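S.K.: Read in order, the letters of the sequence shown are residues 5 to 132 in our numbering.
The beta-carbon is built from N, C-alpha and C at its ideal position, and this holds for glycine as well.
Source: prediction; values computed, not measured.
Supplied in structure tokens, the structure appears directly below.
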Amino acid sequence: MGVCADGRCYLCQQNVESHDHLFFGCEFSSRCLQIWSNRSKVQVQQHHVWDWWVQWRCRSGTLKKLVAGLLNSLMYHVWWARNRCYYEQLVVMPEVVVSLAVQDMRMRVNQCMRNHVSDELLVWVNTM
């Protein structure tokens, strides 16, 4: 995978890069979401990510916060992978992106939310 000088996405090199493409249409981010979905056992319909996210945002409680944190971390790491490709010409595998996102979320939960998370959710986060 080389660096694209024509505006194509640096991760998939197929479509014009935009925020919408990078986070909702790119094959790379779709693969990251699929891997995360399999690891977390949270089923996500790739073509309906926005609708799915609106449903989750309407929920209340700790699970909603954990899923939101995981998705935010995943989006951050997709952006990080894009920048690594752009600035350093290094390709980061989707599995690594998901592992980093999950690792960040585990650290946040275990350090900041441990007393506010049920044992069941704590096990879910730590075994993902």
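Are Gln47 and Glu31 touching if we call contact CB-CB under 8 Å?
M.R.: Contact: no.
S.K.: Kindly indicate which residue of Thr131, Met109 and Tyr90 has the alpha-carbon position closest to the one of Cys16.
M.R.: Comparing Cα-Cα distances from Cys16 to each of Thr131, Met109 and Tyr90, the minimum goes to Tyr90.
S.K.: Is Leu94 closer than 8 Å to Arg86 when the C-beta atoms are compared?
M.R.: Going by C-beta atoms, Arg86 is not nearer than 8 Å to Leu94.
S.K.: Which residues does DSSP list as the beta-bridge partners of Val20?
M.R.: Paired residue(s): Arg12.
S.K.: With a threshold of 16 other CB atoms inside 10 Å of the CB of Cys36, please say whether the residue is buried or exposed.
M.R.: By the 10 Å Cβ count, Cys36 comes out buried.
S.K.: Would you mind working out which of Glu92, Pro98, Met132 and Thr131 sits nearest Ser34, comparing C-alpha positions?
M.R.: Comparing Cα positions, the closest option is Pro98.
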